[in-house]
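Undergrad: The structure under discussion is supplied below as structure tokens; questions concerning it will follow.
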Amino acid sequence: MTEHALLLDHGNLKRRNRFNRVVEASATVAAFLAVAVLVIVVGSVFLRGIGALSWHFLTTPTALFGESGGGISNAIVGTSMIVGIAALMAIPVGILVAIYTTEFAPGRVAHSIGFVLDVLNGVPTIITGIFVYGLLVAGHKQSGFAGAIALAIVMLPIVARTSQEVLTLVPGTLKEASHALGIARWRTVTWVTIPTAAGGLVTGALLGVARVAGETAPLLLVSSIFAPGLLTEPGEALASIPIFIFQASESPRPEAHTEAWAAALVLIAIVLLLNVVARAFYARSRKRMGA
Amino acid sequence: MEAGALENPVLRARRNRADRIGDPLLRGLSGLAAAIAVLAIAGIVYEVVREAWPAISEFGVGFVTTNDWNPVTKHFGAAPFLYGTVVTSAIALLLATPISLAISVYLTELAPARIRRPVATLIDLLAAIPTVILGLWGILVLGPVMRETVEPALQSVLGFLPIFGGDPSAFGYLTAALILTIMAIPIITSVTREVFETVPGDLKEASYALGATRWEMVRQVVLPYSRAGIVGATILGLGRAIGEAIAVAQVIGGATGIDVSLFHTGGTLAAQIASQFAGTPSELQRASLVYLGLILLAFAVIVNVIARVIVARGRLKDTFATPTEAEAL
Chain A
4 MTEHALLLDH GNLKRRNRFN RVVEASATVA AFLAVAVLVI VVGSVFLRGI
54 GALSWHFLTT PTALFGESGG GISNAIVGTS MIVGIAALMA IPVGILVAIY
104 TTEFAPGRVA HSIGFVLDVL NGVPTIITGI FVYGLLVAGH KQSGFAGAIA
154 LAIVMLPIVA RTSQEVLTLV PGTLKEASHA LGIARWRTVT WVTIPTAAGG
204 LVTGALLGVA RVAGETAPLL LVSSIFAPGL LTEPGEALAS IPIFIFQASE
254 SPRPEAHTEA WAAALVLIAI VLLLNVVARA FYARSRKRMG A
Chain B
117 MEAGALENPV LRARRNRADR IGDPLLRGLS GLAAAIAVLA IAGIVYEVVR
167 EAWPAISEFG VGFVTTNDWN PVTKHFGAAP FLYGTVVTSA IALLLATPIS
217 LAISVYLTEL APARIRRPVA TLIDLLAAIP TVILGLWGIL VLGPVMRETV
267 EPALQSVLGF LPIFGGDPSA FGYLTAALIL TIMAIPIITS VTREVFETVP
317 GDLKEASYAL GATRWEMVRQ VVLPYSRAGI VGATILGLGR AIGEAIAVAQ
367 VIGGATGIDV SLFHTGGTLA AQIASQFAGT PSELQRASLV YLGLILLAFA
417 VIVNVIARVI VARGRLKDTF ATPTEAEAL
């Protein structure tokens with residue numbers, strides 16, 4: 004500031020500097036406000052949820068409607084199954100889409116597919132729910148499998164886009180070296196490109212899983228009316244943690260709210276952990292490819 | 117191993133055979149996967165139109181402007197929910213855009229290098245919170261604060277405006293708009309921050325050399341240079357806000373009419389589907405809900421296409437990269 008001392012005497016510059024400081028302070032406040040919101044939300048979930056979180060809560064199925072004292076074991080198992088099946092469908096398809104656009108498709112086609120993925124990513128998830136409802140549930144019944152299909156559609160563009168990104172980062176020299184040795188393309192893809200990009204591909208998969216683990220809207224339409232007790236048959240409607248939170252949050256009973264907070268704590272821990280791990284893989288992968 | 121295999125004629129022949137199948141197989145499989153993505157979009161559009169058809173043929177285009185949602189008389193219209201979607205999204209963007217721009221300015225121009233990444237990561241993590249948890253927080257934490265503190269304060273200052281009239285309540289348009297603001301901020305911030313980073317350093321330095329303060333530099337160089345990206349980012353945030361069903365359904369109150377007061381309960385297109393679809397509506401009511409979904413889908417697709425085109429065009433000035441989730445990391 005001292006080097007400005009002479010200039011500061013000027014009335015106009017004083018005004019401009021004062022205004023500048025106000026703007027700088029507001030920008031700083033805005034950034035910390037956003038961080039504060041994260042801390043407040045995660046903090047509320049932690050403080051209100053930790054009390055009700057117990058071994059019993061994690062290992063007992065939800066109590067019958069309107070009763071307390073149950074847990075979320077059925078929801079944990081249901082979410083694991085629905086998200087697991089969705090991941091089994093979306094991750095291979097997503098990575099294959101990325102391989103197609105980066106290895107085989109002509110530029111224009113690759114660009115159009117990228118565009119389609121962006122539009123698919125922008126489709127509200129409740130609409131994805133309506134789609135799967137009409138496809139599989141209307142005239143039949145709700146099922147965990149229908150939920151998995153819906154989540155796979157939500158997950159597909161995330162996995163494909165992230166995979167595309169890392170596959171284009173694979174150094175061309177590596178692929179060219181492989182081609183120069185007369186190695187067929189599919190061998191180059193499976194033994195050079197994919198192993199090099201592995202960390203980034205894992206990132207895409209984890210981000211996709213993290214995104215759909217908390218997805219509620221499609222499940223509300225296709226897997227929300229389920230039998231009590233622990234269910235493991237994906238042909239039937241399955242419980243899930245997000246649906247548990249949604250239904251408990253709408254309940255007028257305070258005990259249900261406490262259970263909703265505890266379930267939210269479990270869900271937020273899973274989602275944040277997946278995100279942190281995904282970021283770590285991404286950073287490592289970029290470093291490895293020298294990007 | 118591979119080199120050894122090449123010298124052995126038997127292995128070499130087997131290998132050639134594998135390559136004759138392997139290459140077309142990988143090309144075919146990956147092309148099929150790409151076709152699945154394209155078919156998913158087409159399938160979604162087809163299925164939504166098909167399911168909405170009973171309502172489309174019953175109410176026609178007039179559905180969009182009909183201000184009624186009455187399961188008893190079986191008369192349905194989209195106006196209350198269009199109004200709710202427009203009002204909540206507009207408030208969310210009015211709040212989220214300046215805040216996000218300020219955050220991006222902080223992260224690219226002001227923050228010390230050491231805390232730049234951690235703060236950016238924390239703001240990105242805000243986008244990772246499941247919306248059902250934001251809704252839960254909205255019901256039990258934000259809602260009461262709105263009713264007891266924020267809304268009475270707004271009313272005491274701006275109560276002469278009809279939008280701030282009526283009794284304060286925990287659930288309503290304003291609470292929903294604030295939840296949507298929280299969702300839109302990380303999305304708008306991640307795009308604008310990235311665009312701000314592409315502003316050439318020599319332009320900024322030229323501005324400083326002419327004696328500009330930091331704010332004047334931002335206003336005269338960073339913001340004009342990033343205009344396309346800012347517009348695109350805001351529209352992406354809009355796409356997020358109009359499509360959110362769960363958190364809004366939790367805090368907006370589920371009324372089926374238009375209320376001028378922002379404090380009062382209402383509904384949005386997405387939230388109305390979430391709160392009524394899973395129940396046991398009549399066939400016409402369910403079709404009408406899907407009709408709301410069709411309007412929402414049209415909005416979402418148009419908004420996303422416009423945003424991507426603008427962001428991509430803004431980016432072409434500088435690089436050819438495409439935006440992805442991973443880039444925000």
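Chains as they are written, first to last, in our numbering: chain A, 4 to 294; chain B, 117 to 445. Built from N, CA and C at the ideal position, the CB exists for glycine as well.
Assess, as a yes-or-no matter, whether the stretch 213 to 226 of chain A is touched by the stretch 122 to 141 of chain A under the definition of 3 or more beta carbon pairs within less than 8 Å.
TA: yes
Undergrad: Of the residues Ile79/A, Val48/A, Leu50/A and Ser47/A, which one's Cα is nearest the Cα of Leu61/A?
TA: Ile79/A
Undergrad: By Cβ distance below 6 Å, which residues in the same chain neighbour Ala242/A in space, the five residues on each side in sequence not counted?
TA: Closer than 6 Å at the Cβ level, and outside the excluded window around Ala242/A, lie Asn77, Ala78, Gly81 and Phe229.
Undergrad: Arg3/A versus chain B: which residues are under 8 Å apart at the beta carbon?
TA: Residue 3/A falls outside the range modelled here, since chain A spans only 4 to 294, and no answer is possible.
Undergrad: Grab the span of the alpha helix (DSSP H) containing Glu264/B for me, first residue to last.
TA: DSSP places Glu264/B in no alpha helix (DSSP H); its state is neither H nor E.
Undergrad: Can you tell me which of the three DSSP states Gly382/B falls into?
TA: strand
Undergrad: Would you mind working out which of Leu400/B, Phe379/B and Val427/B sits nearest Ser342/B, comparing C-alpha positions?
TA: Nearest Cα to Ser342/B within the set Leu400/B, Phe379/B and Val427/B: Val427/B.
Undergrad: Mind checking which residues open and close the alpha helix (DSSP H) that includes Asp184/B?
TA: Careful: Asp184/B lies outside any alpha helix (DSSP H) and carries neither H nor E.
Undergrad: What residue ranges within the stretch 169 to 254 of chain A form continuous alpha helix (DSSP H) runs of no fewer than 4 residues, ordered along the chain?
TA: Listed in chain order, they are 175 to 183, 188 to 191, 197 to 216, 220 to 225 and 244 to 252.
Undergrad: Does the distance from the C-beta atom of Trp331/B to that of Val26/A stay below 7 Å?
TA: Between Trp331/B and Val26/A, the gap from beta carbon to beta carbon is short of 7 Å.
Undergrad: Tell me the DSSP secondary structure of Gly369/B in three-state form.
TA: strand
Undergrad: Mind checking the stretch 245 to 268 of chain B against chain A and listing, in chain order, the residues whose C-beta falls within less than 8 Å of any C-beta there?
TA: Ile245, Pro246, Thr247, Val248, Ile249, Leu250, Gly251, Leu252, Trp253, Ile255, Leu256 and Val257
Undergrad: Between Val215/A, Leu91/A, Ser146/A and Pro237/A, which lies nearest to Ile244/A when the distance is taken from Cα to Cα?
TA: Val215/A
Undergrad: Taking a Cβ distance cut-off of 9 Å, strictly less, list which residues of the stretch 126 to 137 of chain A are near chain B, in chain order.
TA: For chain B, the residues of the stretch 126 to 137 of chain A that bring a beta carbon within less than 9 Å of one of its beta carbons are Val126, Pro127, Thr128, Ile129, Ile130, Thr131, Gly132, Ile133, Phe134, Val135, Tyr136 and Gly137, in chain order.
Undergrad: Going residue by residue through the stretch 123 to 195 of chain B, where are the continuous beta strand (DSSP E) segments of at least 3 residues, counting only ones entirely within it?
TA: none
Undergrad: So which residues of chain B does Ser47/A contact, with C-beta pairs closer than 7 Å?
TA: Near Ser47/A (Cβ distances below 7 Å), the residues of chain B are Trp253 and Val257.
Undergrad: Kindly list the residues whose CB is nearer than 6 Å to the CB of Asp434/B, restricted to its own chain and excluding five residues on each side of it in sequence; keep chain order.
TA: The pLDDT assigned to Asp434/B is 45, lower than 50, so where the model puts this residue is not dependable; a value taken from the coordinates is nonetheless given after this. Excluding positions up to five away in sequence, the list reads Thr314.
Undergrad: Under a Cβ-count criterion, where at least 16 other Cβ atoms within 10 Å of its own Cβ denotes burial, should Glu360/B be classed as buried or exposed?
TA: buried
Undergrad: On the criterion of 16 or more Cβ atoms from any shown chain inside 10 Å, does Asn15/A qualify as buried, or is it exposed?
TA: exposed
Undergrad: Under 8 Å Cβ-Cβ, which residues of chain A neighbour Gln392/B?
TA: Neighbours of Gln392/B on chain A: none; closest Cβ ~11 Å, over 8 Å.
Undergrad: Since Met467/B contacts Lys320/B with CB under 8 Å, what's their CB separation in whole angstroms?
TA: Nothing in the structure corresponds to residue 467/B, since chain B is present only between 117 and 445.
Undergrad: Determine the direct distance from the alpha carbon of Glu174/B to that of Ser404/B, and round the result to whole angstroms.
TA: Near 9 Å, if we compare the C-alpha coordinates of Glu174/B and Ser404/B.
Undergrad: Against Gln366/B, what residues of chain A qualify as contacts under a CB-to-CB distance less than 8 Å, listed in chain order?
TA: Phe249, Ser252 and Glu253
Undergrad: My understanding is that Gly409/B touches Phe197/B, with C-beta atoms under 8 Å, so please give their C-beta distance in whole angstroms.
TA: 11 Å between Cβ atoms; not a contact.
Undergrad: Would you decide whether Trp58/A is buried or exposed? Buried here means 16 or more other CB atoms lie within 10 Å of its CB.
TA: exposed
Undergrad: Tell me whether Gly345/B, by its Cβ, gets closer than 6 Å to a heavy atom of the ligand NAP.
TA: As for the ligand NAP, it is missing from this structure, which has no ligand bound.
Undergrad: Just to make sure I have the definition right: I need the residues of chain A whose C-beta is within less than 9 Å of the C-beta of Asn186/B. Which are they?
TA: In chain order: nothing, as chain A lies at least about 22 Å away.
Undergrad: Can you pull the chain A residues whose beta carbon is under 7 Å from the beta carbon of Val164/B, in chain order?
TA: Near Val164/B (Cβ distances below 7 Å), the residues of chain A are Ile130, Ile133 and Phe134.
Undergrad: Report the CB separation of Phe247/A from Thr65/A in whole angstroms; it is logged as a contact under 8 Å.
TA: Cβ atoms of Phe247/A and Thr65/A come within 8 Å of each other, at about 7 Å.
Undergrad: Would you grab the beta carbon distance between Ser377/B and Pro278/B for me? Rounded to a whole angstrom, and I think it's under 8 Å.
TA: 7 Å
Undergrad: Along chain B, which residues have their Cβ under 7 Å away from the Cβ of Leu223/A?
TA: Within 7 Å of the CB of Leu223/A, the CB atoms of chain B belong to Ala390 and Ala394, in sequence order along the chain.
Undergrad: Please report how far the alpha carbon of Gly203/A lies from the alpha carbon of Ala34/A, in whole angstroms.
TA: 28 Å
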